[in-house]
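Asker: Residue 182 in this note's numbering is what sits at position 180 of the sequence shown, and the numbering runs on without skipping anything.
Glycine included, C-beta positions come from ideal geometry on N, C-alpha and C.
Please read these numbers as outputs of a predicted model, since none were measured by experiment.
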Amino acid sequence: MSPSALPSALSSAAERGPGPQGRVSSQAPEDKAAPAIGEYTRSLLVGFLHDARSTLNVSTLATGVDSRTQAAVLATDWHIHTAGEARGTLAWLLEEGHRALYPQVCRILFSVPRAAREREIVLLDDRFDPVRLARCIDNLERAMPDLRASRLLGSRVDLARGVLAWDMSRAIHVARAAYDCGMQTEAQAWAVIEQAASQVFAQMASWQEVAVSHLLGRAMWAGPGAGLQRQLAFVRHCLDDSDSPMRGVRYHAARSGV
3 MSPSALPSAL SSAAERGPGP QGRVSSQAPE DKAAPAIGEY TRSLLVGFLH DARSTLNVST
63 LATGVDSRTQ AAVLATDWHI HTAGEARGTL AWLLEEGHRA LYPQVCRILF SVPRAARERE
123 IVLLDDRFDP VRLARCIDNL ERAMPDLRAS RLLGSRVDLA RGVLAWDMSR AIHVARAAYD
183 CGMQTEAQAW AVIEQAASQV FAQMASWQEV AVSHLLGRAM WAGPGAGLQR QLAFVRHCLD
243 DSDSPMRGVR YHAARSGV
């Protein structure tokens, strides 16, 4: 399938972009085979982590959630009310997201003395909202004990994986929700999903690495608490339980062929 065009030009203030965060067919694109377990399910599973619902359909584009509910999710969580707003948010997630923010969060958190953090944040105010940057640093710092206790995050190598999976999982989540309520066509939604999944498969070698990358983004954005605990439990289910879709779909890193 030829990916449909997405906006490529983002504003120079994209790092300050969206906050915390289509009905043609529910099948895979017609010009490709649509196996229930295979390439398309593997791509949809990248978004499975963000939805954090074991009942979510991962064999077809349609999630099974009614359009009114999906429209409310997009409006409340993403400030998306139109197809144009959906395209803009998806372009931001695919091209930038929180991937620009995360390295600065880690650098300041782990390399800058606490007394010098405020000055360091101010020096970056031409690129990042200083309030948001400070909040993300604080969130990740407070979430680190829970992440380490989960034994999913074990080293600086894990931290260095970045938050690509966080951004791409959210892109797939938004694309499917937008499809469900008519803001994305089938072709548009699959183009987003394939672009998002291909970035993940090109940079990560296992579902575990994908899960850690997603958790880091979630922790940076929302901090510790009941929400993070639920996400940690869901990730454990995805990676360990025999009835998890991730256990039934072999991970294929791009170097091995997706």
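For residue 75, name the three-state secondary structure that DSSP assigns.
Answerer: The answer is helix: DSSP assigns residue 75 an H, G or I state.
Asker: Quick one: measure Cβ to Cβ for residue 48 and residue 199, integer angstroms, because I've assumed they're closer than 8 Å.
Answerer: Right, the Cβ-Cβ distance comes to about 5 Å (below 8 Å), so this counts as a contact.
Asker: Apart from the five residues on each side of it in sequence, which residues of its chain come closer than 8 Å, Cβ to Cβ, to residue 82?
Answerer: Cβ within range, chain order: 76, 88, 91, 176, 180, 185.
Asker: What's the gap between the Cα of residue 58 and the Cα of residue 121?
Answerer: The alpha-carbon atoms of residue 58 and residue 121 are separated by roughly 44 Å.
Asker: Measure the CB-CB distance between residue 248 and residue 223 and report whether it falls below 8 Å.
Answerer: Not a contact, by the Cβ cut-off of 8 Å.
Asker: Tell me which same chain residues have a C-beta within less than 8 Å of the C-beta of residue 124, skipping the five on either side of it?
Answerer: Same-chain partners within the cutoff: 132.
Asker: Using beta-carbon positions only, say whether residue 215 and residue 173 come within less than 8 Å of one another.
Answerer: For residue 215 and residue 173, no; Cβs fall outside 8 Å.
Asker: What does the alpha-carbon distance come out to for the pair residue 220 and residue 211?
Answerer: Roughly 14 Å between the two C-alpha positions.
Asker: Skipping 5 residues on each side, what residues in its chain have a beta carbon closer than 7 Å to that of residue 73?
Answerer: If we look at residue 73 and ignore the five residues flanking it on each side, its Cβ neighbours are 183.
Asker: For a quick check, are the C-beta atoms of residue 252 and residue 54 less than 8 Å apart?
Answerer: Contact: no.
Asker: Can you grab the Cα-Cα spacing for the pair residue 151 / residue 106, in whole Å?
Answerer: Cα to Cα, residue 151 sits roughly 24 Å from residue 106.
Asker: What are the boundary residues of the alpha helix (DSSP H) that residue 82 is part of?
Answerer: Where residue 82 is concerned, there is no enclosing alpha helix (DSSP H), given that its DSSP letter is neither H nor E.
Asker: Does DSSP classify residue 161 as helix, strand or coil?
Answerer: Residue 161: helix per DSSP, three-state reduction.
Asker: What distance in whole Å lies between the Cβ atoms of residue 239 and residue 56, which are believed to be in contact at a cut-off of 8 Å?
Answerer: About 6 Å; that satisfies the 8 Å criterion.
Asker: Taking only the alpha-carbon atoms, compute the straight-line gap between residue 225 and residue 146 and give it to the nearest angstrom.
Answerer: So the two alpha carbons sit approximately 9 Å from each other.
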